[in-house]
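Structure first, then comments.
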Amino acid sequence: MSGYKRPYTLKEEKEILKFIIAHSGFYQLRGRQFWVTMEESFGKGRTWQSLKEHFRKHMFSKVSNPLYELEKEQIEKIIDGYKNSASDSRKVNDNTSTYPAKDFNDYLSSDSD
Numbered sequence: 001m002s003g004y005k006r007p008y009t010l011k012e013e014k015e016i017l018k019f020i021i022a023h024s025g026f027y028q029l030r031g032r033q034f035w036v037t038m039e040e041s042f043g044k045g046r047t048w049q050s051l052k053e054h055f056r057k058h059m060f061s062k063v064s065n066p067l068y069e070l071e072k073e074q075i076e077k078i079i080d081g082y083k084n085s086a087s088d089s090r091k092v093n094d095n096t097s098t099y100p101a102k103d104f105n106d107y108l109s110s111d112s113d
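Mapping of the sequence shown onto UniProt numbering: residues 1 to 113, in sequence order.
Listed below in structure tokens is the structure:
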């Protein structure tokens with residue numbers, strides 16, 4: 001059947017979490033390269049996009065699930081890393097510009113007028 005997506009097993013989800021912990025990938029979870037590396041090491045027919053999106057959409061919100069058998073410290077690192085990697089990636093140098101403009105008309109105005 002074309003387009004069939006095989007559901008993730010608990011074993012696969014645990015492997016994802018073990019990989020994150022073993023490679024200290026806590027602050028790389030929103031990037032691309034970490035997931036590409038994971039895909040290369042897994043070799044299970046899962047793309048890096050699939051791994052990342054499954055973690056983001058299905059695993060992150062339930063990372064403290066006892067079935068994952070994680071220690072409290074590991075759970076905290078994953079949560080903190082995921083949340084902080086999001087805020088770090090969106091930081092803008094305050095000295096450069098006012099992009100994005102708060103008002104559409106700010107885009108239309110010109111300093112040379």
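The beta carbon of each residue, even a glycine, is placed where N, CA and C say it ideally should be. Keep in mind the model is a prediction, meaning the values are calculated, not measured.
For residue 25, I'd like the list of residues in its chain whose CB is within less than 6 Å of its CB, leaving aside the five on either flank, ordered along the chain.
Here residue 25 is taken as the residue at index 25 of the sequence shown, counted from 1. Once the five neighbours on either side are set aside, the close Cβ partners of residue 25 are 34.
Member of 40, 41, 19 and 10 whose CA lies at the smallest distance from the CA of residue 74
Taking the first residue of the sequence shown as position 1, residue 74 is located at position 74. The option with the nearest alpha carbon to residue 74 is 19.
Return the CA-CA distance between residue 23 and residue 80, expressed in angstroms with no decimal places.
Along the sequence shown, one-based indexing puts residue 23 at 23. Along the sequence shown, one-based indexing puts residue 80 at 80. Rounded to whole angstroms, residue 23 to residue 80 spans 16 Å at the Cα level.
In three-state DSSP terms, what is residue 7?
The residue given as residue 7 occupies position 7 in the sequence shown. Correct three-state label for residue 7: coil.
Cβ-based neighbour list, residue 54, same chain, cut-off 7 Å, excluding 5 preceding and 5 following:
Position 54 of the sequence shown holds residue 54. Excluding positions up to five away in sequence, the list reads 8.
Quick one: what's got a C-beta closer than 7 Å to residue 28's C-beta in the same chain, skipping five residues either side?
For the purposes of this step, residue 28 is taken as the residue at position 28 of the sequence shown. Only 34 and 85 meet the Cβ criterion.
Look up residue 69 in the DSSP assignment and say whether it is helix, strand or coil.
Start at 1 with the first residue of the sequence shown, and residue 69 comes out as number 69. In this structure, residue 69 counts as coil in the three-state DSSP scheme.
Return the CA-CA distance between residue 91 and residue 30, expressed in angstroms with no decimal places.
On the sequence shown, residue 91 is found 91 positions in, with the first residue counted as 1. On the sequence shown, residue 30 is found 30 positions in, with the first residue counted as 1. Its pLDDT being 41, under 50, residue 91 is placed unreliably in this model, and the coordinates cannot settle the point.
Report buried or exposed for residue 5, applying the criterion of at least 16 other Cβ atoms within 10 angstroms of its Cβ.
As a working mapping, residue 5 is identified with position 5 in the sequence shown. Exposed, since its Cβ has fewer than 16 Cβ neighbours within 10 Å.
Rounded straight-line distance, which links the Cα of residue 50 to that of residue 65:
By one-based count along the sequence shown, residue 65 stands at place 65. By one-based count along the sequence shown, residue 50 stands at place 50. Going by the C-alpha atoms only, they are around 21 Å apart.
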